[in-house]
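Asker: Residue numbers (this note's numbering): 694 to 935.
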Ligand SMILES: NC(=O)c1ccc[n+]([C@@H]2O[C@H](COP(=O)([O-])OP(=O)(O)OC[C@H]3O[C@@H](n4cnc5c(N)ncnc54)[C@H](O)[C@@H]3O)[C@@H](O)[C@H]2O)c1
């Protein structure tokens with residue numbers, strides 16, 4: 694159980710859902726896990742369970758990003774893995790989307806990923822090694838009718854992943870995106886009228902567990918994916934193939 698032995702891993706949005714599953718799995722695989730979130734009580738409790746470190750990090754806060762990465766480099770010497778997982782969902786059609794909603798979703802889902810890649814990318818560039826995994830969505834591979842801002846933000850994550858991958862490849866840093874379909878977390882319950890229609894349209898006829906996504910993140914975080922960069926990894930029960 695040492696697929697990430699002694700790897701220093703930073704996970705955003707790690708207090709619950711997919712981020713929490715990644716924190717548990719990475720710790721079980723020997724990683725030194727730094728969990729971050731805005732839900733401090735839940736995040737700190739999970740960190741204690743997995744023998745990790747919890748820090749408050751609003752992914753929209755560039756000063757906080759820089760000071761966290763400085764702290765990690767001082768304490769650990771480097772950051773090996775960044776999982777840009779934190780995200781929010783809002784549902785409105787284009788014509789009903791208030792500017793504030795669009796800006797908020799872009800701030801968390803898109804600016805947050807940019808800031809994380811920038812702060813951690815600078816440290817990884819010095820170390821000439823690293824793996825960055827950005828959690829996009831099926832909504833970053835296809836249209837997202839009824840969730841206009843969310844879809845825009847997740848396409849942006851997919852695009853940023855590719856440019857970052859090309860810019861950072863010569864420093865030994867890999868950058869990939871994961872595109873989950875229906876995943877059984879609190880976010881899935883935020884789909885208006887429930888997730889049933891999405892699940893009915895999924896060939897495998899079920900949602901995935903957060904643990905299933907964590908296994909894909911583990912592969913991309915580890916050396917097992919050593920020749921993959923700038924790539925999209927779908928985990929969607931086949932829905933994108935329809
Ligand atoms: N659940 C799904 O069906 C699904 C599908 C596709 C993509 N995703 C993506 O997967 C990722 C994880 O989502 P989840 O399903 O675990 O949802 P979740 O709502 O259970 O967890 C999201 C986490 O992000 C944190 N967060 C929100 N805003 C933050 C901020 N500003 N700074 C730091 N942390 C913040 C939350 O506190 C929470 O812990 C998200 O990027 C989401 O868009 C989810």
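All residues carry an ideal CB built from backbone N, CA and C; glycine is no exception.
Note down the Cα distance separating residue 694 from residue 744, rounded to an integer number of angstroms.
Answerer: Counting from 1 along the chain shown, the entry for residue 694 is found at position 1. Counting from 1 along the chain shown, the entry for residue 744 is found at position 51. Between residue 694 and residue 744, the C-alpha separation is close to 16 Å.
Asker: So is the beta-carbon of residue 904 under 7 Å away from any non-hydrogen atom of ligand 1?
Answerer: Residue mapping note: residue 904 aligns to position 211 of the chain shown, counting from 1. Checking the Cβ of residue 904 against ligand 1 gives no.
Asker: Any idea if residue 767 is buried or exposed, counting beta-carbon neighbours within 10 angstroms, 16 or more meaning buried?
Answerer: Working through the chain shown from its first residue, we reach residue 767 at position 74. Flag for residue 767 reads exposed.
Asker: Return the residue from the list 891, 726, 716, 713 that minimises the CA-CA distance to residue 699.
Answerer: Position 6 of the chain shown holds residue 699. That would be 726, whose Cα lies nearest to the Cα of residue 699.
Asker: Residue ranges of each beta strand (DSSP E) run of no fewer than 3 residues wholly in the segment 904 to 929, ordered along the chain?
Answerer: Those beta strand (DSSP E) runs which fall completely within the segment 904 to 929 and span 3+ residues are 925 to 928.
Asker: Starting from the N-terminal side, write out each stretch of the alpha helix (DSSP H) that is 4 residues or longer and does not extend beyond the segment 849 to 897.
Answerer: Runs of the alpha helix (DSSP H) inside the segment 849 to 897: 889 to 893.
Asker: Among 840, 814, 708, which has the Cα closest to the Cα of residue 778?
Answerer: Within the chain shown, residue 778 is the residue found at index 85, counting from 1. Of the listed residues, the one whose Cα sits closest to residue 778 is 708.
Asker: Could you give the first and the last residue of the continuous beta strand (DSSP E) run that contains residue 899?
Answerer: The residue labelled residue 899 in the question sits at position 206 within the chain shown. Note, residue 899: premise wrong, no beta strand (DSSP E); not H, not E.
Asker: Quick check: does the Cβ of residue 820 come within less than 7 Å of any heavy atom belonging to ligand 1?
Answerer: The sequence position of residue 820 within the chain shown is 127, counting from 1. Because no heavy atom of ligand 1 lies under 7 Å away, the Cβ of residue 820 does not count as near it: no.
Asker: So does residue 776 have its beta carbon nearer than 7 Å to some heavy atom of ligand 1?
Answerer: Taking the first residue of the chain shown as position 1, residue 776 is located at position 83. Checking the Cβ of residue 776 against ligand 1 gives no.
Asker: Answer yes or no: the CB of residue 753 versus the heavy atoms of ligand 1, is any distance below 7 Å?
Answerer: Locating residue 753 in the chain shown gives position 60, where the first residue counts as 1. Answer for residue 753: yes, Cβ within range of ligand 1.
Asker: In whole angstroms, give me the CA-to-CA distance for residue 719 and residue 740.
Answerer: Taking the chain shown and counting its residues from 1, one reaches residue 719 at position 26. Taking the chain shown and counting its residues from 1, one reaches residue 740 at position 47. Rounded to whole angstroms, residue 719 to residue 740 spans 12 Å at the Cα level.
Asker: Report the option in 839, 818, 827 whose CA atom is closest to the CA atom of residue 860.
Answerer: One-based indexing of the chain shown puts residue 860 at position 167. With distances taken between Cα atoms, residue 860 lies closest to 818.
Asker: Residue 841: which of 895, 791, 731, 910 sits nearest, CA to CA?
Answerer: Position 148 of the chain shown, counted from the start, is the residue given in the question as residue 841. Taking only the C-alpha atoms, the option nearest residue 841 is 791.
Asker: On the three-state DSSP scale, how would you describe residue 931?
Answerer: On the chain shown, residue 931 is found 238 positions in, with the first residue counted as 1. Of the three classes helix, strand and coil, the one that applies to residue 931 here is coil, per DSSP.
Asker: Within the chosen definition, does the segment 915 to 933 reach the segment 825 to 843 through at least 3 CB pairs nearer than 8 Å?
Answerer: Verdict: yes, contact present.
Asker: Measuring only the C-alpha atoms, how far is residue 912 from residue 702?
Answerer: Start at 1 with the first residue of the chain shown, and residue 912 comes out as number 219. Start at 1 with the first residue of the chain shown, and residue 702 comes out as number 9. If you take the alpha carbons of residue 912 and residue 702, they lie about 13 Å apart.
Asker: Would residue 921 and residue 869 be called neighbours here (beta carbons separated by less than 8 Å)?
Answerer: Reading the chain shown from its first residue, position 228 is the one you call residue 921. Reading the chain shown from its first residue, position 176 is the one you call residue 869. Result yes, Cβ atoms of residue 921 and residue 869 sit closer than 8 Å.
Asker: Compute the distance between the beta-carbons of residue 910 and residue 776, then report whether it is under 8 Å.
Answerer: Here residue 910 is taken as the residue at index 217 of the chain shown, counted from 1. Here residue 776 is taken as the residue at index 83 of the chain shown, counted from 1. Contact flag set, yes.
Asker: May I ask you to check if the CB of residue 795 is nearer than 7 Å to at least one heavy atom of ligand 1?
Answerer: For the purposes of this step, residue 795 is identified with residue 102 of the chain shown, where counting begins at 1. No, ligand 1 has no heavy atom inside 7 Å of this Cβ.
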